[in-house]
Amino acid sequence: MANGTPIGRVRGLGSAKEGTHHWWNQRVTAAANLVLMLWFVISIARLPAYDYATATGWLQSPWAAIPMVLLIASVFYHFRLGLQVVIEDYVHDEGRVALMLLLTFFTITTAGIAIFSILKIAFSGTPA
Amino acid sequence: MATTARNASRPMSPHLQIWKWGPHMLVSILHRVTGSGMATVGTLLLVWWLAALASGKQAYQTFTDVMGFYGLGYVLGIGLSLCFFIHLANGIRHFFMDAGALFELKANKTASVAVVAFGILATLAFWAFLLWGK
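Okay, here's the thing in structure tokens:
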């Protein structure tokens, strides 16, 4: 069966079954974001104050640090998918490749800083 | 884009300006605007807040000083919370539409108006709680 070009061998065999990958992952992260962001907004609203000691004290608890890390992962993946569609819709020339790369670097860099910061605060805290 | 090859005598496909605006169109573009706003401004603000907390008291002081500059923190906070509540409500509307519901004209219009109304009311309630509820 070594005859024919690669495209000729797969033609007619159906899709790669990846067509809904982007859409589905956006929905999965949307569902996770719904829970995590509501938790975050309510937690922030319920903080007694917004000074350094209160904010770090809150993030030192694993009950805040763990959902916070999960939130960064889910929300940042979600906005990476969303901004990709915005770029695909409005940028039609070669610039879209550069923008797509920039978007990926932006997402991973900001997520890296955010997760490191959360962990640094969480691990430097005194056990409550 | 291959715009140079377009024959000017041929009709344009229907575009934004020939449609009568409805609530569904408003929430559609609002979803993109609020999402993009949170993904850029919101992300930078959240990351700065976390990094400042992790860096120490002085870095956090700088953060709060900048946020206190002519109420910048309030502008960003109210703007981002409005974006969040609208995006959240419309995201839930999208879940219903993914399941095949809310496509009937009347239900679609009602749900779209409800998204905007919820976004505004939830933002007002959130800030009323922050400012006077504690």
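Read top to bottom, the protein sequences are chains Y and U.
One point on numbering: in numbering that gives the first Met the number 0, the residue at position 12 of the first sequence is 11, and numbering is uninterrupted.
One point on numbering: in numbering that gives the first Met the number 0, the residue at position 60 of the second sequence is 59, and numbering is uninterrupted.
C-beta atoms are modelled at their ideal positions from N, C-alpha and C, and glycine is treated no differently.
- Member of U/A110, U/I91, U/G118 and U/A113 whose CA lies at the smallest distance from the CA of Y/T31: Here residue 31 of chain Y refers to the residue found at position 32 when the first sequence is read from its first residue. The displayed chain sequence assigns Ala, not Thr, to residue 31 of chain Y. Nearest C-alpha to Y/A31: U/I91.
- Using a C-beta to C-beta distance shorter than 8 Å, which residues of chain U count as neighbours of Y/F122? Position 123 of the first sequence, counting from 1, holds the residue named residue 122 of chain Y. Neighbours of Y/F122 on chain U: none; closest Cβ ~10 Å, over 8 Å.
- Task: Please classify U/V114: does DSSP put it in a helix, a strand, or coil?
- Result: Translated into positions along the second sequence, residue 114 of chain U becomes position 115. In the displayed model, U/V114 falls within a helix according to three-state DSSP.
- Message: Taking 8 Å as the threshold (beta carbon to beta carbon), is Y/I107 in contact with chain U?
- Response: Numbered from its first residue, the first sequence carries residue 107 of chain Y at position 108. It does not: the Cβ of Y/I107 has no partner Cβ on chain U nearer than 8 Å.
- Query: Secondary structure at U/F102, three-state DSSP: helix, strand or coil?
  - Reply: Here residue 102 of chain U is taken as the residue at index 103 of the second sequence, counted from 1. In this structure, U/F102 counts as coil in the three-state DSSP scheme.
- Message: Cβ closer than 7 Å: which chain U residues qualify as neighbours of Y/I117?
- Response: In the first sequence, the residue the question calls residue 117 of chain Y occupies position 118. What Y/I117 touches in chain U, judged by beta-carbon distance under 7 Å, is L49, going in chain order.
- Item | Span of the alpha helix (DSSP H), counted from its first residue to its last, around U/G21 | By 1-based counting over the second sequence, the position of residue 21 of chain U is 22. Looking at the DSSP string, U/G21 is not in any alpha helix (DSSP H), and its letter there is neither H nor E.
- Message: Suppose the cutoff is 8 Å on Cβ atoms and the five residues either side in sequence are ignored; what does the same chain contact list for U/L75 look like?
- Response: Counted from its first residue, the second sequence places residue 75 of chain U at position 76. Result list for U/L75: V40, L44 and M66, in chain order.
- If you drop the 5 nearest sequence neighbours on each side, which residues of the same chain put their C-beta closer than 7 Å to that of U/F62? As a working mapping, residue 62 of chain U is identified with position 63 in the second sequence. The residues are W47, W48 and A51.
- Query: Hey, how far is the Cα of Y/A95 from the Cα of Y/L80?
  - Reply: What you label residue 95 of chain Y is simply residue 96 of the first sequence in a count that begins at 1. What you label residue 80 of chain Y is simply residue 81 of the first sequence in a count that begins at 1. It is worth fixing the name first, because residue 95 of chain Y is Arg in this sequence and not Ala. The straight-line gap from Cα to Cα measures roughly 14 Å.
- Counting along the chain, where does the alpha helix (DSSP H) carrying Y/N24 start and finish? Looking up residue 24 of chain Y in the first sequence gives position 25. Its alpha helix (DSSP H) spans residues H20 to R45.
- Message: To the nearest angstrom, how far is the alpha carbon of Y/M67 from that of U/T33?
- Response: As a first step, residue 67 of chain Y must be located in the first sequence, where it is residue number 68. As a first step, residue 33 of chain U must be located in the second sequence, where it is residue number 34. The alpha-carbon atoms of Y/M67 and U/T33 are separated by roughly 21 Å.
- Can U/L120 and U/A110 be called in contact, C-beta distance under 8 Å? Taking the first residue of the second sequence as position 1, residue 120 of chain U is located at position 121. Taking the first residue of the second sequence as position 1, residue 110 of chain U is located at position 111. Taking 8 Å as the Cβ cut-off, U/L120 and U/A110 do not qualify as a contacting pair.
- Item | Contact list for the segment 59-90 of chain U against chain Y, Cβ threshold 8 Å | Taking 8 Å as the Cβ-Cβ cut-off, the segment 59-90 of chain U approaches chain Y at Y59, Q60, T63, S80, F83, L87 and G90, given in chain order.
- Quick one: is U/F128 near chain Y, going by C-beta distance under 8 Å? Locating residue 128 of chain U in the second sequence gives position 129, where the first residue counts as 1. Yes, U/F128 lies at the interface with chain Y (some Cβ there is under 8 Å from its Cβ).
- Task: Determine the closest residue to U/P22 out of U/Y73, U/S54, U/F128 and U/K105, with distance taken between C-alpha atoms.
- Result: For the purposes of this step, residue 22 of chain U is taken as the residue at position 23 of the second sequence. For U/P22, the closest alpha carbon among the candidates U/Y73, U/S54, U/F128 and U/K105 is that of U/K105.
- Query: Whose CA, out of U/P13, U/G72 and U/F83, lies closest to the CA of U/R31?
  - Reply: Position 32 of the second sequence, counting from 1, holds the residue named residue 31 of chain U. Ranked by Cα distance from U/R31, the first of U/P13, U/G72 and U/F83 is U/F83.
- Item | Whole runs of the alpha helix (DSSP H) within the segment 65-103 of chain U, excluding any shorter than 4 residues | Listed in chain order, the complete alpha helix (DSSP H) runs (minimum 4 residues) inside the segment 65-103 of chain U are 71-97.
- Query: Rounded to a whole number of angstroms, what is the C-alpha to C-alpha distance between Y/T55 and Y/I65?
  - Reply: The sequence position of residue 55 of chain Y within the first sequence is 56, counting from 1. The sequence position of residue 65 of chain Y within the first sequence is 66, counting from 1. Roughly 14 Å between the two C-alpha positions.
- Query: Roughly how many angstroms separate the alpha carbons of Y/A11 and Y/T19, rounded to a whole number?
  - Reply: Along the first sequence, read from residue 1 onward, the residue named residue 11 of chain Y stands at position 12. Along the first sequence, read from residue 1 onward, the residue named residue 19 of chain Y stands at position 20. In the sequence as displayed, the identity of residue 11 of chain Y is Gly instead of Ala. Near 19 Å, if we compare the C-alpha coordinates of Y/T19 and Y/G11.
- Message: If we define contact as Cβ-Cβ less than 8 Å, is Y/M36 a contact residue for chain U?
- Response: Indexing the first sequence from 1 puts residue 36 of chain Y at position 37. At a cut-off of 8 Å between C-beta atoms, Y/M36 counts as an interface residue with respect to chain U.
- Under the rule that 16 or more other beta-carbon atoms within 10 Å means buried, what is U/M135, buried or exposed? A query on residue 135 of chain U cannot be resolved here, the shown segment of chain U reaching from 0 to 133 and no further.
- Task: Compare the C-beta of Y/G81 against all C-beta atoms of chain U and say whether one is closer than 8 Å.
- Result: For the purposes of this step, residue 81 of chain Y is taken as the residue at position 82 of the first sequence. Judged by the 8 Å Cβ criterion, Y/G81 is in contact with chain U.
- Under 8 Å between C-beta atoms, does U/G34 make it to chain Y? As a working note, residue 34 of chain U is residue 35 in the second sequence. Closer than 8 Å to the CB of U/G34 there is at least one CB belonging to chain Y.
- Check distances from the C-beta atoms of the segment 17-31 of chain U to those of chain Y and list, in chain order, the residues that come in under 7 Å. Here the close residues are R31.
- Task: Taking only beta-carbon positions, decide if Y/I65 is within less than 8 Å of chain U.
- Result: Against the first sequence, residue 65 of chain Y aligns to sequence position 66. Y/I65 does not count as touching chain U.
- Task: Examine chain Y for any beta-carbon lying closer than 8 Å to the beta-carbon of U/K108, and answer yes or no.
- Result: By one-based count along the second sequence, residue 108 of chain U stands at place 109. Residue contact check for U/K108 against chain Y: no CB pair falls below 8 Å.
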